[in-house]
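Enquirer: Those letters in the sequence shown? Residues 86 to 463, per my numbering, in order. A single structure is presented below for examination.
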Amino acid sequence: MKKKKLFKITNSAYFQVRQLQGQLNYFSAYFDVIAVAPKGEGWEELQKQQARCIPVKMSRAINPIFDLITLFQLVKLFIKEKPTIVHSHTPKAGLLGMLAAWIARVPIRMHTVTGFPLTTATGIKKQILRFTERLTYACATNVYPNSQKMCDIICSMGIGNPKKMLVIGNGGSNGIDTAFYSRNATQDIKISTFDFTFGFVGRIFYEKGINELVASFIRLQKDYPNIGSRLIGFMEENLYPVDDWVKQEISTNSHIEFVGFQQDVRPYLMGCEAFVFPSYREGFPNVVMQAGALELPQIVTDINGCNEIIVQNKNGIIVPPQDEHALYKAMKYFLDNPNEVKRMAKNARAMITSRYERNKFWKLMLEEYYRQIKNRIK
86 MKKKKLFKIT NSAYFQVRQL QGQLNYFSAY FDVIAVAPKG EGWEELQKQQ ARCIPVKMSR
146 AINPIFDLIT LFQLVKLFIK EKPTIVHSHT PKAGLLGMLA AWIARVPIRM HTVTGFPLTT
206 ATGIKKQILR FTERLTYACA TNVYPNSQKM CDIICSMGIG NPKKMLVIGN GGSNGIDTAF
266 YSRNATQDIK ISTFDFTFGF VGRIFYEKGI NELVASFIRL QKDYPNIGSR LIGFMEENLY
326 PVDDWVKQEI STNSHIEFVG FQQDVRPYLM GCEAFVFPSY REGFPNVVMQ AGALELPQIV
386 TDINGCNEII VQNKNGIIVP PQDEHALYKA MKYFLDNPNE VKRMAKNARA MITSRYERNK
446 FWKLMLEEYY RQIKNRIK
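Quick look at the structure:
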């Protein structure tokens, strides 16, 4: 029997090969999988997957003329290919992908909400985002927020039909490979020379809470002279960069280790005693799951995803976002209470493997594809 066509569309090839790692190969056993994304970072790796790859130019920023051209290309593509399912991830791919699939009368139009910038946007930008999100959800037959709290927010704001909403499993977009993110999987550990090191993974920019993290760390250094901070990720220079004094502190403070982007974060995280993630907004952060699987207790902010992965005082501490003093107090608590840190560390891995194992997530997603086919294809 000929396989039904499943289109996966994102606004970057990198997202498909990293954030959705393994999905194309897994679903290719059940569907004729086609990956749609712009050429650019990750494109060559995307072409190595078990899927046909079709490049489509797509702007991440709002660009009406460019977006209309992309929309026209997608409509032509869907009319020609006649997919059974179009599944979009990322906001711009969701907007253009769902609208094009609706115009082309694709029977199953699925959008996964991986981030929700509307919660922190203001002014005219917020109004534009509200409109585009509402349009995306209206064109989709099904919407999948990647956390229950995000689902609740979307429904409470009245921009999506609750009957269309479903959170797959316990949340997330791809689960986590707990065999890979295990202390037994590698012997390479970048051991820190400090008594206690706080780790961070992510882009080094304003909205990740780096200003608060560095400020809290400097305060702690006065009373705990042999602590360290390890920052893993790109230094963002253009979009919401950190304050100049923070950048200066990162480059001159010998106790702050900035290692840049790393393909494999495991050796660097395993050399830390705790993980700190003071982000302002997230969808469902993979790095928090990764750190948990590597048995690290965590300090995270009370935002989407983080406040579901971390349970207060069980595998970490949750603090308000953009609250430097609360972050400082939580980091100080970790330094003053080593037994509590050990207890949370013991809980960390089991709380990830039991809820976010990747293969379990894929099976649930496959079941959802088949459920929609059964309900919508006569």
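Backbone N, C-alpha and C define an ideal beta-carbon position, used for all residues, glycine too. Because the structure is a prediction, the values reported are computed rather than measured.
Can you list, in chain order, the residues of its chain with a C-beta nearer than 6 Å to that of D117? Leave out the 5 residues immediately preceding and following it.
Expert: Translated into the one-based positions of the sequence shown, residue 117 becomes position 32. Within the same chain, K88 and K90 come within 6 Å of D117 by CB-CB distance, once the 5 residues on both sides are set aside.
Enquirer: Taking only three categories from DSSP, how would you classify D408?
Expert: Here residue 408 refers to the residue found at position 323 of the sequence shown. In this structure, D408 counts as coil in the three-state DSSP scheme.
Enquirer: Measure from the alpha carbon of F319 to the alpha carbon of each residue in S258, L305, I335 and M416, then state which is nearest.
Expert: Reading the sequence shown from its first residue, position 234 is the one you call residue 319. Of S258, L305, I335 and M416, the residue nearest in Cα terms is I335.
Enquirer: Starting from V121, trace the beta strand (DSSP E) in both directions and tell me its first and last residue.
Expert: In the sequence shown, counting from the first residue as 1, residue 121 sits at position 36. Segment D117 to A122, the beta strand (DSSP E) holding V121.
Enquirer: Answer yes if the stretch 261 to 272 comes into contact with the stretch 435 to 452, meaning at least three C-beta pairs across the two stretches below 8 Å, and no otherwise.
Expert: yes
Enquirer: Taking the alpha helix (DSSP H) that P352 falls in, what are its first and last residues?
Expert: Here residue 352 corresponds to residue number 267 of the sequence shown, with the count starting at 1. Residues R351 to M355.
Enquirer: Measuring straight from C-alpha to C-alpha, what distance separates V228 and Q101?
Expert: Your numbering for residue 228 matches position 143 in the sequence shown. Your numbering for residue 101 matches position 16 in the sequence shown. Using only the alpha carbons, I get a separation of about 18 Å.
Enquirer: Rounded to whole angstroms, what is the Cα-Cα separation between E425 and M450?
Expert: For this step, residue 425 is matched to residue 340 along the sequence shown. For this step, residue 450 is matched to residue 365 along the sequence shown. Cα to Cα, E425 sits roughly 37 Å from M450.
Enquirer: Look at H196 and T221 and say whether their C-beta atoms are less than 8 Å apart.
Expert: Along the sequence shown, read from residue 1 onward, the residue named residue 196 stands at position 111. Along the sequence shown, read from residue 1 onward, the residue named residue 221 stands at position 136. Yes. Within cutoff.
Enquirer: Mind checking whether M416 and S301 have CB atoms under 8 Å apart?
Expert: If you number the sequence shown from 1, residue 416 lands on position 331. If you number the sequence shown from 1, residue 301 lands on position 216. Yes, the pair counts as a contact, with Cβ atoms nearer than the cut-off.
Enquirer: Hey, quick one: how far does the alpha helix (DSSP H) through G465 stretch, first residue to last?
Expert: One cannot answer for residue 465 here, as it falls past the ends of the chain, which runs 86 to 463.
Enquirer: Just checking, does the stretch 284 to 302 make contact with the stretch 135 to 149 on the three C-beta pairs under 8 Å criterion?
Expert: no
Enquirer: Is it buried or exposed for G243, if we count other Cβ within 10 angstroms and need 16 for buried?
Expert: Walking along the sequence shown from the start, residue 243 turns up at place 158. When all chains shown are included, G243 counts as exposed.
Enquirer: Count the other CB atoms within 10 Å of the CB of T337; is the residue buried (16 or more) or exposed (fewer)?
Expert: Translated into positions along the sequence shown, residue 337 becomes position 252. Exposed, by the Cβ-count rule.
Enquirer: Under the assumption that L131 contacts A122 (Cβ atoms under 8 Å), give the Cβ distance between them as a whole number of angstroms.
Expert: Here residue 131 refers to the residue found at position 46 when the sequence shown is read from its first residue. Here residue 122 refers to the residue found at position 37 when the sequence shown is read from its first residue. In this structure L131 touches A122 by the C-beta definition: roughly 7 Å separates them, less than 8 Å.
Enquirer: Is I94 helix, strand or coil by DSSP?
Expert: Counting from 1 along the sequence shown, the entry for residue 94 is found at position 9. DSSP places I94 in strand when its eight states are reduced to three.
Enquirer: Apart from the five residues just before and just after I253, which ones in its own chain have a Cβ nearer than 7 Å to its Cβ?
Expert: Indexing the sequence shown from 1 puts residue 253 at position 168. Answer for I253: Y229, F446, L449, M450 and E453, listed in chain order.
Enquirer: Closest by CA to L316, which one among T278, F279 and F360?
Expert: Locating residue 316 in the sequence shown gives position 231, counting from the first residue. Residue F360 is the option with its Cα nearest to L316.
Enquirer: Does the Cβ-Cβ distance between S277 and C357 come in under 8 Å?
Expert: Residue mapping note: residue 277 aligns to position 192 of the sequence shown, counting from 1. Residue mapping note: residue 357 aligns to position 272 of the sequence shown, counting from 1. It is a contact, given that the beta carbons lie within the stated cut-off.
Enquirer: Any idea what DSSP makes of R219, helix, strand or coil?
Expert: The residue you call residue 219 lines up with position 134 of the sequence shown. If DSSP states are grouped into helix, strand and coil, R219 belongs with the helices.
Enquirer: Looking at the strands, I want to know which residues DSSP matches up with L316.
Expert: What you label residue 316 is simply residue 231 of the sequence shown in a count that begins at 1. Bridge partners of L316: F285 and F343.
Enquirer: Am I right that T386 and P370 are in contact with their C-beta atoms under 8 Å? What's the rounded C-beta distance?
Expert: In the sequence shown, counting from the first residue as 1, residue 386 sits at position 301. In the sequence shown, counting from the first residue as 1, residue 370 sits at position 285. The Cβ separation is near 10 Å, so there is no contact.
Enquirer: Which residue wins for smallest C-alpha separation from F201, given the options R194, K211 and I193?
Expert: Your numbering for residue 201 matches position 116 in the sequence shown. Per the Cα distances, K211.
Enquirer: If you check the beta carbons only, do S314 and T282 fall under 8 Å apart?
Expert: The residue given as residue 314 occupies position 229 in the sequence shown. The residue given as residue 282 occupies position 197 in the sequence shown. A contact, by the Cβ cut-off of 8 Å.
Enquirer: Under the assumption that Q457 contacts I147 (Cβ atoms under 8 Å), give the Cβ distance between them as a whole number of angstroms.
Expert: Numbered from its first residue, the sequence shown carries residue 457 at position 372. Numbered from its first residue, the sequence shown carries residue 147 at position 62. Not really, about 30 Å apart at Cβ, beyond 8 Å.
Enquirer: Rounded to whole angstroms, what's the CA-CA distance from F157 to I94? Just pull it up for me.
Expert: Taking the first residue of the sequence shown as position 1, residue 157 is located at position 72. Taking the first residue of the sequence shown as position 1, residue 94 is located at position 9. Taking the straight line joining both Cα atoms gives about 15 Å.
Enquirer: Return yes when the Cβ of I154 is within less than 8 Å of the Cβ of I139, no when it is not.
Expert: Sequence index remark: in the sequence shown, residue 139 carries index 54 (1-based). Sequence index remark: in the sequence shown, residue 154 carries index 69 (1-based). Cβ atoms of I139 and I154: not closer than 8 Å.
Enquirer: Indicate whether A185 and F151 have their beta-carbon atoms separated by less than 8 Å.
Expert: The residue labelled residue 185 in the question sits at position 100 within the sequence shown. The residue labelled residue 151 in the question sits at position 66 within the sequence shown. No; because the gap between Cβ atoms is not below 8 Å, this pair is not in contact.
Enquirer: Would you mind reading off the limits of the beta strand (DSSP E) that contains F360?
Expert: Working through the sequence shown from its first residue, we reach residue 360 at position 275. Here the beta strand (DSSP E) through F360 covers A359 to F362.
Enquirer: Take C236 and list the residues in its own chain whose beta-carbon comes closer than 7 Å to its own, dropping the five residues that flank it on each side.
Expert: Within the sequence shown, numbered from 1, the residue matching residue 236 stands at position 151. Result list for C236: P230, M250 and V252, in chain order.
Enquirer: Let me check one thing: in DSSP terms, what residues is N227 bridge-paired to?
Expert: One-based indexing of the sequence shown puts residue 227 at position 142. Its beta-bridge partners are M195.
Enquirer: By the DSSP assignment, the alpha helix (DSSP H) with P149 in it spans what residues?
Expert: As a position in the sequence shown, residue 149 is number 64, starting the count at 1. That run of the alpha helix (DSSP H) goes P149 to E166.
Enquirer: Considering V171, what are the terminal residues of the beta strand (DSSP E) in which it resides?
Expert: As a first step, residue 171 must be located in the sequence shown, where it is residue number 86. I170 to H174 is the extent of the beta strand (DSSP E) around V171.
Enquirer: Can you check DSSP and say which residues form a bridge with G401?
Expert: Counted from its first residue, the sequence shown places residue 401 at position 316. DSSP output for G401 lists Q383 and Q397 as bridge partner(s).
Enquirer: Shortest alpha-carbon distance to E218 belongs to which of G256, S173 and N255?
Expert: The residue you call residue 218 lines up with position 133 of the sequence shown. Nearest C-alpha to E218: S173.
Enquirer: Identify the residues that DSSP records as bridge partners of M250: which are they?
Expert: Stepping through the sequence shown from its first residue, residue 250 is reached at position 165. DSSP output for M250 lists V228 as bridge partner(s).
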